[in-house]
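In my numbering, each residue's number is its place in the sequence shown (first place is 1) plus 30.
All residues carry an ideal CB built from backbone N, CA and C; glycine is no exception.
Every value quoted in this text rests on a predicted model; they were computed, and no experiment measured them.
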Amino acid sequence: MNILQTLRDRFALALADFTDDPQTFAAMVRPAQGAKFGDYQANCAMPLAKQHGTNPRELAASIVSKLDLSDLCDAPEVAGPGFINLSLQDDWLREQTQSLVDDLRLGVPGTEHPRNIVVDFSSPNVAKPMHVGHLRSTVIGDALSRILRFLGHQVTTDNHIGDWGTQFGMIIYGYKHFLDESAYREAPVAELSRLYRLVNQLSDYHTAVEKLPQLEQRVHEQQERVDDAEAVEQPDKGHKKLLKGLRSELASLTETLNTTRRNIAAVETNSDLKQRADGHPHIARGARDETAKLHAGDQENRQLWEQFMPQCLNALDAVYDRLGIHFDLILGESHYQPLLADVVTDLKAKSLATESDGAMCVFIEGNEAPFIVQKADGAFNYATTDLATIRYRVEELGVDTMLYVVDSRQAEHFKLLFTTAKKWGYTPDMQHIKFGTVMGKDRKPYKTRSGDTVGLESLLDEAVAKAYEIASANDDAKPDGSELDEQARREISEVMGLGGIKYADLHINRESDYVFDWDTMLNMKGDTATYMQYAYARTRGILRKGGVDQESLRNGQASLQFSHAAERQLALKLCQFPEVLAAAAEECKPNLLTQYLFETAGEFSTFYEHCTVLKEEDESLRLSRCLLVDLTGRVIQQGLELLGIQTCEQL
Ligand code: ARG
Numbered sequence: 031m032n033i034l035q036t037l038r039d040r041f042a043l044a045l046a047d048f049t050d051d052p053q054t055f056a057a058m059v060r061p062a063q064g065a066k067f068g069d070y071q072a073n074c075a076m077p078l079a080k081q082h083g084t085n086p087r088e089l090a091a092s093i094v095s096k097l098d099l100s101d102l103c104d105a106p107e108v109a110g111p112g113f114i115n116l117s118l119q120d121d122w123l124r125e126q127t128q129s130l131v132d133d134l135r136l137g138v139p140g141t142e143h144p145r146n147i148v149v150d151f152s153s154p155n156v157a158k159p160m161h162v163g164h165l166r167s168t169v170i171g172d173a174l175s176r177i178l179r180f181l182g183h184q185v186t187t188d189n190h191i192g193d194w195g196t197q198f199g200m201i202i203y204g205y206k207h208f209l210d211e212s213a214y215r216e217a218p219v220a221e222l223s224r225l226y227r228l229v230n231q232l233s234d235y236h237t238a239v240e241k242l243p244q245l246e247q248r249v250h251e252q253q254e255r256v257d258d259a260e261a262v263e264q265p266d267k268g269h270k271k272l273l274k275g276l277r278s279e280l281a282s283l284t285e286t287l288n289t290t291r292r293n294i295a296a297v298e299t300n301s302d303l304k305q306r307a308d309g310h311p312h313i314a315r316g317a318r319d320e321t322a323k324l325h326a327g328d329q330e331n332r333q334l335w336e337q338f339m340p341q342c343l344n345a346l347d348a349v350y351d352r353l354g355i356h357f358d359l360i361l362g363e364s365h366y367q368p369l370l371a372d373v374v375t376d377l378k379a380k381s382l383a384t385e386s387d388g389a390m391c392v393f394i395e396g397n398e399a400p401f402i403v404q405k406a407d408g409a410f411n412y413a414t415t416d417l418a419t420i421r422y423r424v425e426e427l428g429v430d431t432m433l434y435v436v437d438s439r440q441a442e443h444f445k446l447l448f449t450t451a452k453k454w455g456y457t458p459d460m461q462h463i464k465f466g467t468v469m470g471k472d473r474k475p476y477k478t479r480s481g482d483t484v485g486l487e488s489l490l491d492e493a494v495a496k497a498y499e500i501a502s503a504n505d506d507a508k509p510d511g512s513e514l515d516e517q518a519r520r521e522i523s524e525v526m527g528l529g530g531i532k533y534a535d536l537h538i539n540r541e542s543d544y545v546f547d548w549d550t551m552l553n554m555k556g557d558t559a560t561y562m563q564y565a566y567a568r569t570r571g572i573l574r575k576g577g578v579d580q581e582s583l584r585n586g587q588a589s590l591q592f593s594h595a596a597e598r599q600l601a602l603k604l605c606q607f608p609e610v611l612a613a614a615a616e617e618c619k620p621n622l623l624t625q626y627l628f629e630t631a632g633e634f635s636t637f638y639e640h641c642t643v644l645k646e647e648d649e650s651l652r653l654s655r656c657l658l659v660d661l662t663g664r665v666i667q668q669g670l671e672l673l674g675i676q677t678c679e680q681l
């Protein structure tokens with residue numbers, strides 16, 4: 031049962047006498063911020079009183095007189111400026127908790143309105159190395175899919191991979207000119223990525239050489255402007271502001287200049303690279319031509335693409351397997367190619383797309399830049415593909431909701447995409463589930479020391495290696511000697527390392543940038559997967575040590591008692607699992623679930639500090655506490671599973 035929703039529904043009934051919009055004010059019922067305010071608190075009386083021009087405390091009292099909560103709450107109390115504090119009846123809460131014992135769903139109701147949802151996530155551009163940025167979409171998308179599915183929605187996970195983009199032109203160009211055959215035979219994807227990086231580097235080099243003189247000139251001129259501005263005696267406020275602007279522009283130009291010089295030096299200090307660069311002065315155009323040929327159906331390029339794809343997909347699969355992530359569909363951009371021409375024809379026929387400077391554009395009110403659906407050279411693009419994808423999902427899959435778990439930097443694309451799709455007549459619920467950038471501790475996009483973005487596989491290996499150190503040290507330090515053999519340690523470190531990486535990502539509000547930091551990630555005490563995994567293993571350990579048989583505990587006659595405030599607090603938390611999942615699904619925010627689990631583990635610690643369990647002499651109280659221990663373990667395990675994080679019985 032979703033307690034919060036039940037309370038809100040009751041409030042909505044009572045509030046009907048006070049407002050035309052009872053739902054909005056009923057939504058102001060929230061879990062209380064501390065036990066002294068009761069279990070839940072409603073602060074709707076204050077804004078309503080403002081609307082009515084009445085006294086908020088009096089209004090709160092009138093709302094209370096209309097409220098019917100007598101079956102589940104003690105009499106509501108009006109507090110402070112007009113808060114309504116609610117406390118669940120002990121007996122009611124106890125029964126509620128007791129009902130979880132033999133409920134496999136831990137009280138979580140299935141949704142009354144199941145939706146047919148596509149979650150579009152991970153979606154890397156294949157044949158480029160996958161990096162830490164892709165992890166965010168993958169981990170968040172997987173967690174949301176699991177949560178929505180658990181709530182009873184029909185969920186299709188779709189990996190909309192970029193398998194048709196310009197990177198293939200670069201790889202094909204590289205393959206034709208720079209292939210190291212034996213490297214390719216041994217590790218094809220690594221070689222393809224090397225070719226990609228090489229072609230990229232060489233074409234960046236030529237651009238840099240071309241731009242350099244102009245850039246130097248601009249820095250020089252900007253420097254003069256700054257010098258002139260600095261020479262002004264007794265500058266006024268406006269002038270100081272001007273100077274600040276000029277300086278910051280100088281700084282950013284200088285940074286561009288330095289990067290440009292660095293790119294040039296990287297090639298020129300390496301005779302091999304320099305020779306290649308000189309031999310391929312028009313490499314950028316060459317790569318573009320290869321892409322164009324592939325898209326136009328050129329046989330040789332098509333064959334190469336078909337040869338590369340399975341290898342790229344295998345490499346991706348290896349990462350997904352390891353992370354325990356499954357896709358129902360992998361319909362990449364190439365899948366929609368045959369459908370694109372018709373999209374544009376249809377948009378034209380409906381007068382939605384019009385020509386502008388040779389390109390086909392959809393103009394959207396209030397937006398200066400149009401949504402380009404066909405470029406002047408006739409090529410279709412990312413936008414066309416996404417429109418075809420929406421049509422396909424609605425018409426072929428009968429989808430009514432699409433969640434796109436993609437970097438915030440694509441916000442503009444999705445805004446234009448959704449608006450265009452709606453004008454075109456496709457009106458499912460479409461949401462861009464945005465997330466921020468992965469940063470290093472220096473608050474810059476996360477890079478290795480050599481400056482490369484960090485490859486995903488090495489990152490996972492590193493997490494597991496670090497987890498191994500921690501798990502082993504912890505095991506070695508056990509008071510009665512170590513308990514784990516080598517194999518157990520290996521298994522545990524995989525679960526801990528991967529869980530650590532996932533949790534670290536999930537526990538941040540997804541819209542914020544996220545700082546990737548090994549030190550906090552695997553910390554046993556903080557808000558980490560490791561802490562949660564230990565809490566879970568601890569619940570298992572207690573029951574194991576007490577020789578408590580879980581089956582008979584769950585099916586047995588033991589009944590819950592609240593003999594200490596900590597038991598009641600823990601029980602309340604456990605009963606809030608359903609409302610937290612509902613909120614996490616509603617807002618598409620897995621961090622609401624991690625936060626809840628962290629709090630639950632905290633309540634468990636408090637409980638365990640104050641209440642003896644196995645040593646409790648009163649048999650019925652001992653069993654009651656064992657029930658709480660068992661339920662806590664189940665809620666934590668279920669919660670982690672919905673985040674894609676595994677647990678171990680023993681750590
Ligand atoms: N491949 C794209 C990228 O790496 C993300 C695709 C997201 N999904 C979509 N339907 N546009 O930037």
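- Message: Between the alpha carbons of Y422 and V149, how many angstroms are there, rounded?
- Response: As a first step, residue 422 must be located in the sequence shown, where it is residue number 392. As a first step, residue 149 must be located in the sequence shown, where it is residue number 119. So the two alpha carbons sit approximately 14 Å from each other.
- Query: Which one of I201, A75, E216 and V219 has the shortest CA to CA distance from Y226?
  - Reply: By one-based count along the sequence shown, residue 226 stands at place 196. Y226 has its Cα closest to that of I201, out of I201, A75, E216 and V219.
- Locate the beta strand (DSSP E) running through I114, then write down its first and last residues. Locating residue 114 in the sequence shown gives position 84, where the first residue counts as 1. Here the beta strand (DSSP E) through I114 covers F113 to L116.
- Task: With a 10 Å radius around its C-beta and 16 neighbouring C-beta atoms as the bar for buried, classify E426 as buried or exposed.
- Result: Counting from one through the sequence shown, the residue named residue 426 turns up at place 396. It counts as exposed.
- Message: Between R519 and D505, how many whole angstroms is the CB-CB distance? I'm expecting something under 8 Å.
- Response: As a working note, residue 519 is residue 489 in the sequence shown. As a working note, residue 505 is residue 475 in the sequence shown. Right, the Cβ-Cβ distance comes to about 7 Å (below 8 Å), so this counts as a contact.
- Assign V262 to one of two classes, buried (16 or more other C-beta atoms within 10 Å of its C-beta) or exposed (fewer than that). Stepping through the sequence shown from its first residue, residue 262 is reached at position 232. Exposed, since its Cβ has fewer than 16 Cβ neighbours within 10 Å.
- Buried or exposed: which applies to F41, given that a residue is buried once 16 or more other Cβ atoms fall within 10 Å of its Cβ? For this step, residue 41 is matched to residue 11 along the sequence shown. By the 10 Å Cβ count, F41 comes out buried.
- Just curious, the alpha helix (DSSP H) that Y235 is in, first and last residue? Within the sequence shown, residue 235 is the residue found at index 205, counting from 1. Taken as a continuous stretch (DSSP letters only), the alpha helix (DSSP H) holding Y235 covers P218 to A261.
- Message: Measuring straight from C-alpha to C-alpha, what distance separates E499 and R306?
- Response: Counted from its first residue, the sequence shown places residue 499 at position 469. Counted from its first residue, the sequence shown places residue 306 at position 276. So the alpha carbons of these two residues sit roughly 44 Å apart.
- Query: Say the cut is 7 Å; is the CB of Y434 nearer than that to a heavy atom of the ligand ARG?
  - Reply: Working through the sequence shown from its first residue, we reach residue 434 at position 404. Yes, since a heavy atom of the ligand ARG falls inside the 7 Å radius drawn around the Cβ of Y434.
- Item | P243 classed as buried or exposed, judged by whether at least 16 other C-beta atoms fall within 10 angstroms | For the purposes of this step, residue 243 is taken as the residue at position 213 of the sequence shown. P243 is exposed by the Cβ-count criterion.
- Message: Nearest by alpha-carbon distance to R598: which of C641, Y214, T558 and I147 is it?
- Response: Working through the sequence shown from its first residue, we reach residue 598 at position 568. Nearest of C641, Y214, T558 and I147 to R598, Cα basis: C641.
- Query: At a cut-off of 7 Å, is S129 close to the ligand ARG when judged by its beta-carbon and the heavy atoms of the ligand?
  - Reply: Counting from one through the sequence shown, the residue named residue 129 turns up at place 99. No, the ligand ARG has no heavy atom inside 7 Å of this Cβ.
- Neighbour-count burial assignment, A217, 16 or more Cβ in a 10 Å radius: Here residue 217 refers to the residue found at position 187 when the sequence shown is read from its first residue. A217 comes out exposed.
- State the Cα-Cα distance for the pair G428 and L130, rounded to the nearest angstrom. Position 398 of the sequence shown holds residue 428. Position 100 of the sequence shown holds residue 130. Approximately 35 Å, taken between the alpha carbons.
- Item | Contacts around R439, its chain only, beta-carbon distance under 6 Å, and the 5 residues preceding and following it disregarded | Start at 1 with the first residue of the sequence shown, and residue 439 comes out as number 409. Nothing meets the Cβ criterion.
- Report all residues from its chain with a CB closer than 8 Å to the CB of P77; omit the five preceding and five following residues, and keep chain order. As a first step, residue 77 must be located in the sequence shown, where it is residue number 47. For P77, where only same-chain residues beyond five positions count, the Cβ hits under 8 Å are F55 and M58.
- Sort out for me which residues DSSP pairs A109 with in a bridge. As a position in the sequence shown, residue 109 is number 79, starting the count at 1. The partner list for A109 (beta bridge, DSSP) reads F113.
- Enumerate in chain order the residues of its own chain whose CB-to-CB distance from S364 is below 6 Å, with the five nearest sequence positions on each side excluded. On the sequence shown, residue 364 is found 334 positions in, with the first residue counted as 1. So the list reads D193 and W194, once near-sequence residues are dropped.
- Query: What separation, rounded to the nearest whole angstrom, lies between the Cα atoms of R473 and E609?
  - Reply: What you label residue 473 is simply residue 443 of the sequence shown in a count that begins at 1. What you label residue 609 is simply residue 579 of the sequence shown in a count that begins at 1. Looking at the two C-alpha atoms, the distance is approximately 35 Å.
- Task: Report the three-state DSSP secondary structure of M562 (helix, strand or coil).
- Result: Translated into positions along the sequence shown, residue 562 becomes position 532. In the structure shown, M562 sits in a helix (DSSP, three-state: H, G or I).
- Query: Relative to the alpha-carbon of I114, which residue among L136, A157, K66 and R255 has its alpha-carbon at the smallest distance?
  - Reply: As a position in the sequence shown, residue 114 is number 84, starting the count at 1. For I114, the nearest C-alpha among the options comes from K66.
- Message: Going by DSSP, what residue range makes up the beta strand (DSSP E) through D459?
- Response: Residue mapping note: residue 459 aligns to position 429 of the sequence shown, counting from 1. Element bounds for D459: D459 to F465.
- With distances taken Cα to Cα, identify the nearest neighbour of V643 among A497, R570, Y626 and G470. Looking up residue 643 in the sequence shown gives position 613. Cα-wise, what sits closest to V643 is R570.
- In chain order, what residues of the same chain lie with their CB nearer than 7 Å to the CB of A631, ignoring the 5 residues before and after it? Counting from 1 along the sequence shown, the entry for residue 631 is found at position 601. Same-chain partners within the cutoff: Y561, M562, A565 and I666.
- With a cut-off of 8 Å on the beta carbons, I'd call L583 and L657 a contact; round off their distance for me. Residue numbering aside, residue 583 sits at position 553 when the sequence shown is read from its first letter. Residue numbering aside, residue 657 sits at position 627 when the sequence shown is read from its first letter. In this structure, L583 and L657 form a Cβ contact; the two beta carbons are roughly 7 Å apart against a cut-off of 8 Å.
- Message: the ligand ARG and N189: does the residue's C-beta get closer than 7 Å to at least one heavy atom of that ligand?
- Response: In the sequence shown, counting from the first residue as 1, residue 189 sits at position 159. For the ligand ARG, not one heavy atom lies less than 7 Å from the Cβ of N189.
- Message: Quick check: the Cα distance between V138 and A238, rounded to an integer number of angstroms?
- Response: As a first step, residue 138 is located in the sequence shown; it is residue number 108 there, counting from the start. As a first step, residue 238 is located in the sequence shown; it is residue number 208 there, counting from the start. Rounded to whole angstroms, V138 to A238 spans 58 Å at the Cα level.
- Kindly indicate which residue of S654, Q625 and E330 has the alpha-carbon position closest to the one of L670. Taking the first residue of the sequence shown as position 1, residue 670 is located at position 640. If we check each option's Cα against that of L670, Q625 comes out closest.
- Message: Looking at the secondary structure, which residues open and close the beta strand (DSSP E) in which I402 lies?
- Response: Taking the first residue of the sequence shown as 1, we reach residue 402 at position 372. Per DSSP, I402 belongs to the beta strand (DSSP E) from F401 to Q404.
- Residue burial classification, Q197 (beta-carbon count within 10 angstroms, cutoff 16): Sequence index remark: in the sequence shown, residue 197 carries index 167 (1-based). When all chains shown are included, Q197 counts as buried.
- Message: Following a CB-centred definition, is G192 positioned closer than 7 Å to any heavy atom of the ligand ARG?
- Response: Position 162 of the sequence shown, counted from the start, is the residue given in the question as residue 192. Flag set: Cβ of G192 near the ligand ARG.
- Message: Using the three-state DSSP reduction, which class does G192 fall into: helix, strand or coil?
- Response: Counting from 1 along the sequence shown, the entry for residue 192 is found at position 162. Strand.
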